[in-house]
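Chains A and B are the protein sequences, given in the same order.
Under my numbering, the first residue of the first sequence is numbered 14, with each subsequent residue one higher.
Under my numbering, the first residue of the second sequence is numbered 434, with each subsequent residue one higher.
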Amino acid sequence: MNIVVCLKQVPKKDSILRIAADGKWIDDRDLSYEMSEADAYALEEALRQKEKHGGEVIVICMGPERVRQSIKEALAKGADRAIHLYDEAFDHASDAAGIGRALAAALKDEKFDLVFTGLQSDDYGFAQVGLVIAERLGLSSATIAMEVQPEEGGVRVKRELESGWFQWVKIPLPALLTIQSGINQLRYATLKGIMAAKKKELREVKAADLGLTADDLKPAQVIERAYLPLKSKQTEMIEGKPAEAAAKLVEKLRFDARVL
Amino acid sequence: MSEGILLFIEQRDGVLNRTSLEAMVAAQRMAAETGDKVSAVVLGRDVSAVATEVAGKKLEAVYTVTDDKLASYTPDGYVAALKQAIEQLSPRYVILSHTYRVRDFAPILASTMGKTFVTDCLCFRVEGGETVFTRQIFQGKINTDVRVQAEAPVFASFQAGSYRADLAEAGEQPAPIKPLEVEMEGVRLRTEPEAAFQETKQAVDLTQAPLIVAVGRGIKSQENLSIVQELAEAMGAEIAASRPICDNEWLPMDRQIGSSGQTVAPKLYLAVGISGAIQHVVGMKNSQTIVAINKDPEAPIFDLADYGIVGDLFEIVPALTAEVRKAKGE
Ligand SMILES: Cc1cc2nc3c(=O)[nH]c(=O)nc-3n(C[C@H](O)[C@H](O)[C@H](O)COP(=O)(O)OP(=O)(O)OC[C@H]3O[C@@H](n4cnc5c(N)ncnc54)[C@H](O)[C@@H]3O)c2cc1C
Ligand SMILES: Nc1ncnc2c1ncn2[C@@H]1O[C@H](COP(=O)(O)O)[C@@H](O)[C@H]1O
Chain A
14 MNIVVCLKQV PKKDSILRIA ADGKWIDDRD LSYEMSEADA YALEEALRQK
64 EKHGGEVIVI CMGPERVRQS IKEALAKGAD RAIHLYDEAF DHASDAAGIG
114 RALAAALKDE KFDLVFTGLQ SDDYGFAQVG LVIAERLGLS SATIAMEVQP
164 EEGGVRVKRE LESGWFQWVK IPLPALLTIQ SGINQLRYAT LKGIMAAKKK
214 ELREVKAADL GLTADDLKPA QVIERAYLPL KSKQTEMIEG KPAEAAAKLV
264 EKLRFDARVL
Chain B
434 MSEGILLFIE QRDGVLNRTS LEAMVAAQRM AAETGDKVSA VVLGRDVSAV
484 ATEVAGKKLE AVYTVTDDKL ASYTPDGYVA ALKQAIEQLS PRYVILSHTY
534 RVRDFAPILA STMGKTFVTD CLCFRVEGGE TVFTRQIFQG KINTDVRVQA
584 EAPVFASFQA GSYRADLAEA GEQPAPIKPL EVEMEGVRLR TEPEAAFQET
634 KQAVDLTQAP LIVAVGRGIK SQENLSIVQE LAEAMGAEIA ASRPICDNEW
684 LPMDRQIGSS GQTVAPKLYL AVGISGAIQH VVGMKNSQTI VAINKDPEAP
734 IFDLADYGIV GDLFEIVPAL TAEVRKAKGE
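Take a look at the structure:
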């Protein structure tokens, strides 16, 4: 069972995000980064499947130099090798079609049974890139996976539906699954793993290697303005030291809102 | 020439998905600006009841696509049928609600047609013949205005709750229901779906709780949960959580609030260390009074809170517990 995991690196969850001077993106100086949450679960699921069924786990990541840190973390956790799409031309891929096109091109000649992606990224949140890859490579697909069981002739997948409902579906291989956070419990990299990762293959791929130009990746969707959301409600902010604020809040809840 | 707006209507077992009506409002407003007309399309084996229901709205037509291969939802079936419907009707826009089902097939459909798909939008505006969609990034922390420069049709899905379903305009007379002929014979359905099920009987029914204290990832570890549990106890409230807390098994899944958990509307919803991502918010936004405690003044949860305290929950929650006890004369 060979499994490809698509990993994306995003600003850490607790980051304070500020709008960049050009008003089109966030100010990305002084940020720390980590794997997008669902992708970390996708990687963990691939490692668990490999431990049960054998095979190879290949991680693929498109992004600037800094993403190498997340790639190395994946290798340290047990992935066997990595592909890094690293080229200025890839910076132009900023919508799902472009990103998916580049990743699919890089996977075209790989031999795999399954591709895992996160169900959506924590930064763009398109919830599309996985299925664009599936469509371009002609893979069967299932989204929002909460359990994965390889079976004779395919894979059985427990999909999450809305409001606490689930559904099993069976699809043939090769297949692409988008993985939901919480499908498993994440592991930490061990010191031994970190040492072993140093010897693992990390292949760099340029756009030209895939026969792609910046023009091919030009987005059809362009962010023209990024801004903090407007408040929809008048929120009464309660100030003061913790004890003071707590006392004020209790009073409001008892006598104004009358809910306590 | 492409014209018109095609609205995807979602149904399961003959029951209309309410969020399709929300998307209908988006489509109708778009039509008012562009001068286009809105038509709807609904797929399934027998969709007459849903088609009739939808035909009461202000629509140019309700197109039905029926086939045995559409009896159960599969991505292959939906992509094949909708692709043909779209090719026959050549709309300028295809509008959908950003449901789990839409997440499962629409990106494939747009990709196979070589079209752009703007997902999970909040609203839009039309400007000099181009459409600018507003969508959230960074899990709702930042909004973006996205300009689309692409060939028709442009696909766009709208976030649950972005428009109010009850504002869908009714028509003066029922819209005509028109069956579309599509070729499904050669379509191979690779997915074998089984019946949908619920994991376990819900042990707690949070929908009946008048007071809810909900805890999120700001709590950091399972051991810390006790401070929130004490607050809930002092208030006589039920405890609930955001998804990561249940994913980590710090609290059982039946305590989860949000799109994949329970939907509640208590008298008081007190959110502790919860950022306010849309998938959480859809499960609690109709609460009567919402209180948020969060150290990040820009956390999206404050956008819908009635009362907010910016600060460290590890200081504020114990203080609050003490105040509640005091108020109750304990
Ligand atoms: C398809 C899908 C379905 C989903 N379904 C659900 C669902 O049903 N329910 C759900 O909740 N989520 C759901 N999610 C996940 C959702 O998108 C968010 O990831 C999740 O709600 C975040 O949980 P959180 O707010 O607890 O964590 P975070 O977003 O990490 O927020 C933690 C918050 O705690 C604050 N904080 C940290 N330390 C402190 C401190 N010491 N004092 C005070 N504040 C502090 C931080 O400022 C931050 O705002 C779903 C996602 C997807 C894609
Ligand atoms: N730059 C990237 N490199 C590798 N994988 C990516 C990249 N962008 C997106 N993905 C994958 O696609 C998933 C969905 O992303 P999105 O469509 O942006 O929500 C992510 O969770 C990743 O698994």
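Glycine included, each C-beta is placed from N, C-alpha and C at the ideal position.
Next item on the list: May I ask you to list the residues that DSSP assigns as paired with A:Pro163?
Entry: Sequence index remark: in the first sequence, residue 163 of chain A carries index 150 (1-based). Beta-bridge pairing links A:Pro163 to A:Val168.
Notebook entry, point to check: Span of the alpha helix (DSSP H) holding B:Met668?
Noted result: As a first step, residue 668 of chain B must be located in the second sequence, where it is residue number 235. For B:Met668, the enclosing alpha helix (DSSP H) has its first and last residue at 658 to 668.
Check: If you measure from the CB of A:Ala118, is any heavy atom of ligand 2 nearer than 7 Å?
Finding: Working through the first sequence from its first residue, we reach residue 118 of chain A at position 105. False, no ligand heavy atom lies under 7 Å from that Cβ.
Next item on the list: Taking B:Glu493 as the reference, give the member of B:Asp509, B:Asp500, B:Ala473 with the closest Cα.
Entry: For this step, residue 493 of chain B is matched to residue 60 along the second sequence. A check of alpha carbon separations from B:Glu493 across B:Asp509, B:Asp500, B:Ala473 identifies B:Ala473 as the nearest.
Next item on the list: Could you check how far apart the C-beta atoms of A:Gln141 and B:Thr552 are, in whole angstroms? I think they sit under 8 Å.
Entry: Your numbering for residue 141 of chain A matches position 128 in the first sequence. Your numbering for residue 552 of chain B matches position 119 in the second sequence. Contact flag correct, Cβ pair sits at about 6 Å.
Item checked: Contained alpha helix (DSSP H) runs [length at least 4] in the region 577 to 646 of chain B, N- to C-terminal order -> none
Margin query: For the structure I just gave you, are there three or more beta carbon pairs, one from the region 590 to 599 of chain B and one from the region 617 to 624 of chain B, closer than 8 Å?
Written below: no
Note to self: Measuring only from the beta carbon, is B:Asn681 closer than 7 Å to any heavy atom that is part of ligand 1?
What the structure shows: Working through the second sequence from its first residue, we reach residue 681 of chain B at position 248. False, no ligand heavy atom lies under 7 Å from that Cβ.
Check: According to the neighbour-count rule (16 or more other Cβ atoms, all chains shown, within 10 Å of its Cβ), is A:Phe139 buried or exposed?
Finding: Here residue 139 of chain A corresponds to residue number 126 of the first sequence, with the count starting at 1. Around the beta-carbon of A:Phe139, 16 or more other beta-carbon atoms lie within 10 Å, marking it buried.
Notebook entry, point to check: Taking contact to mean at least 3 C-beta pairs separated by less than 8 Å, is the region 69 to 77 of chain A in contact with the region 189 to 204 of chain A?
Noted result: no
Margin query: Does chain A have any CB closer than 8 Å to the CB of B:Glu627?
Written below: Taking the first residue of the second sequence as 1, we reach residue 627 of chain B at position 194. Cβ-Cβ to chain A under 8 Å: yes for B:Glu627.
Next item on the list: Give the C-beta separation of B:Pro540 and B:Ile438 to the nearest angstrom, bearing in mind that I take them to be a contact with Cβ-Cβ under 8 Å.
Entry: Within the second sequence, numbered from 1, the residue matching residue 540 of chain B stands at position 107. Within the second sequence, numbered from 1, the residue matching residue 438 of chain B stands at position 5. Not quite, the Cβ-Cβ distance comes to about 20 Å (not below 8 Å), so this is no contact.
Next item on the list: Tell me whether B:Tyr511 sits in a helix, a strand or coil according to DSSP, three-state version.
Entry: For the purposes of this step, residue 511 of chain B is taken as the residue at position 78 of the second sequence. The answer is helix: DSSP assigns B:Tyr511 an H, G or I state.
Margin query: The beta strand (DSSP E) that contains A:Lys183, what's its start and end?
Written below: Residue numbering aside, residue 183 of chain A sits at position 170 when the first sequence is read from its first letter. It spans 178 to 184 - the beta strand (DSSP E) in which A:Lys183 sits, taken as one unbroken run.
Notebook entry, point to check: Can you find a heavy atom of ligand 1 that lies under 7 Å from the Cβ of B:Ser654?
Noted result: What you label residue 654 of chain B is simply residue 221 of the second sequence in a count that begins at 1. Because no heavy atom of ligand 1 lies under 7 Å away, the Cβ of B:Ser654 does not count as near it: no.
Next item on the list: Using 7 Å as the cut-off, classify the Cβ of A:Met75 as near or not near the heavy atoms of ligand 2, replying yes or no.
Entry: Here the question's residue 75 of chain A lines up with position 62 in the first sequence. At least one heavy atom of ligand 2 lies closer than 7 Å to the C-beta of A:Met75.
Note to self: Can you tell me whether B:Asp469 is helix, strand or coil according to DSSP?
What the structure shows: Taking the second sequence and counting its residues from 1, the one referred to as residue 469 of chain B is at position 36. Note: B:Asp469 maps to coil in three-state DSSP.
Notebook entry, point to check: Are the C-beta of A:Ile184 and some C-beta of chain B separated by less than 8 Å?
Noted result: Mapped onto the first sequence, residue 184 of chain A falls at position 171. With a threshold of 8 Å between beta carbons, A:Ile184 makes contact with chain B.
Item checked: Residue range of the alpha helix (DSSP H) that includes A:Gln234 -> Looking up residue 234 of chain A in the first sequence gives position 221. From DSSP, A:Gln234 is part of no alpha helix (DSSP H) but of the beta strand (DSSP E) over 234 to 240.
Item checked: Own chain partners of B:Thr577 with C-beta closer than 8 Å, once the 5 adjacent residues on each side are dropped -> Along the second sequence, read from residue 1 onward, the residue named residue 577 of chain B stands at position 144. These residues qualify, in order along the chain: Thr567, Arg568, Gln569, Ile570.
Next item on the list: Anything in the region 519 to 547 of chain B with a Cβ closer than 9 Å to a Cβ of chain A? List those residues in chain order, please.
Entry: His531, Thr532, Tyr533, Arg534, Arg536, Asp537, Phe538, Ala539, Pro540, Ile541, Leu542, Ala543, Ser544, Thr545, Gly547
Next item on the list: Compare the C-beta of A:Asp135 against all C-beta atoms of chain B and say whether one is closer than 8 Å.
Entry: Numbered from its first residue, the first sequence carries residue 135 of chain A at position 122. Yes, because at least one Cβ of chain B sits closer than 8 Å to the Cβ of A:Asp135.
Margin query: Please tell me whether, using a cut-off of 7 Å, the distance from the CB of A:Gly131 to the nearest non-hydrogen atom of ligand 2 is below it.
Written below: Position 118 of the first sequence, counting from 1, holds the residue named residue 131 of chain A. Result yes, Cβ under 7 Å from ligand 2.
Notebook entry, point to check: From B:Ile652, B:Thr507, B:Thr485, B:Thr754, pick the residue whose C-alpha is nearest to that of B:Leu542; which is it?
Noted result: Position 109 of the second sequence holds residue 542 of chain B. The shortest Cα separation from B:Leu542 among B:Ile652, B:Thr507, B:Thr485, B:Thr754 belongs to B:Thr507.
Next item on the list: Round the Cβ separation of B:Ala629 and A:Phe179 to the nearest angstrom and send it over; I've been treating them as touching at under 8 Å.
Entry: Taking the first residue of the second sequence as position 1, residue 629 of chain B is located at position 196. Taking the first residue of the first sequence as position 1, residue 179 of chain A is located at position 166. B:Ala629 to A:Phe179, Cβ: 7 Å. Contact.
Margin query: Helix, strand or coil for A:Met250? Go by DSSP, reduced to three states.
Written below: Walking along the first sequence from the start, residue 250 of chain A turns up at place 237. Three-state DSSP puts A:Met250 in a strand.
Next item on the list: Find the residues of chain A that neighbour B:Pro508, judging by a C-beta separation of less than 7 Å, and give them in chain order.
Entry: Position 75 of the second sequence, counted from the start, is the residue given in the question as residue 508 of chain B. Simply Ser154.
Margin query: Can you tell me whether A:Val142 sits near ligand 2, meaning its C-beta is under 7 Å from at least one heavy atom of the ligand?
Written below: Residue numbering aside, residue 142 of chain A sits at position 129 when the first sequence is read from its first letter. True, at least one ligand heavy atom lies under 7 Å from that Cβ.
Next item on the list: Compute the Euclidean distance between the alpha carbons of B:Asp479 and B:Arg445, then round it to the nearest angstrom.
Entry: Position 46 of the second sequence holds residue 479 of chain B. Position 12 of the second sequence holds residue 445 of chain B. The alpha-carbon atoms of B:Asp479 and B:Arg445 are separated by roughly 11 Å.
Check: Does any heavy atom of ligand 2 sit closer than 7 Å to the C-beta of A:Lys90?
Finding: Here residue 90 of chain A refers to the residue found at position 77 of the first sequence. Result no, Cβ not under 7 Å from ligand 2.
Check: Since A:Lys244 meets chain B, which of its residues come closer than 8 Å, beta carbon to beta carbon?
Finding: As a first step, residue 244 of chain A must be located in the first sequence, where it is residue number 231. Near A:Lys244 (Cβ distances below 8 Å), the residues of chain B are Phe735, Asp736.
Note to self: If we define contact as Cβ-Cβ less than 8 Å, is B:Ile660 a contact residue for chain A?
What the structure shows: By 1-based counting over the second sequence, the position of residue 660 of chain B is 227. No, B:Ile660 lies away from the interface with chain A (no Cβ there is under 8 Å from its Cβ).
Note to self: So B:Arg580 contacts chain A; which residues on that side make the cut at Cβ distance below 7 Å?
What the structure shows: To locate residue 580 of chain B, count along the second sequence from 1; it is residue 147. Result: Val235, Glu237.
Notebook entry, point to check: Are there 16 or more other CB atoms within 10 angstroms of the CB of B:Ala465, so buried, or fewer, so exposed?
Noted result: One-based indexing of the second sequence puts residue 465 of chain B at position 32. Label assigned to B:Ala465: exposed.
Checklist line | Cβ of B:Gly744 within 8 Å of any chain A Cβ | finding: Position 311 of the second sequence, counted from the start, is the residue given in the question as residue 744 of chain B. Closer than 8 Å: yes.
Next item on the list: Can you pull the chain A residues whose beta carbon is under 7 Å from the beta carbon of B:Ile570, in chain order?
Entry: Mapped onto the second sequence, residue 570 of chain B falls at position 137. Chain A residues near B:Ile570: Asp136, Tyr137, Gly138.
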